[in-house]
Amino acid sequence: MPTKKKRLTQREKAERAKMKKELQAEGVLPPDKPRLNRKKFARETWAEWEEFIKRDPVLAEVRLLRAVEFMAGPEVPKITPEQIGVFKALKIAIELDKFFRRLEAEGRKQYTIGEIADEVFLPVWKL
1 MPTKKKRLTQ REKAERAKMK KELQAEGVLP PDKPRLNRKK FARETWAEWE
51 EFIKRDPVLA EVRLLRAVEF MAGPEVPKIT PEQIGVFKAL KIAIELDKFF
101 RRLEAEGRKQ YTIGEIADEV FLPVWKL
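Note that my numbering has the sequence shown beginning at 1, numbered continuously upward.
Here it is as structure tokens:
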């Protein structure tokens, strides 16, 4: 059975931090990357997307499909959380299509947001 790793002391942590700063100053290690402001990123990206889709809707759809293919293909060696998000978006699109086909087969044209949430979005969200 492997032995449990010993926790670093404050002194060891300080030494490692100092060494990291020195290596960054020498250019051996890249500088620390600032954290992504997710809300700001989402707002800016959505605004750009809306502008793009108004300018050329067909090209926007093609580019979106290419972006999805680039992020998540059939043979992905290692799945990242970002790719799971892309796959979930694809699954929602598939389930939404099934939902609308079923409504059409039943002869219904109206549905509630609750139906879509319960039958399409929540099952995929909980995966």
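Yeah, the Cβ is synthetic: ideal placement off N, Cα and C, and Gly gets one too.
- Taking a cut-off of 8 Å for Cβ pairs, the segment 86-100 and the segment 113-120 touch, as three or more such pairs fall below it.
- Restricting attention to L23, P30, L127 and E26, the CA atom closest to the CA of A89 is found in L127.
- The shortest C-alpha to C-alpha distance from G73 to any of R63, V86, Q24 and E61 is the one to V86.
- Non-local C-beta neighbours of Y111 in its own chain, meaning closer than 7 Å and more than five positions away in sequence, comprise L103, ordered along the chain.
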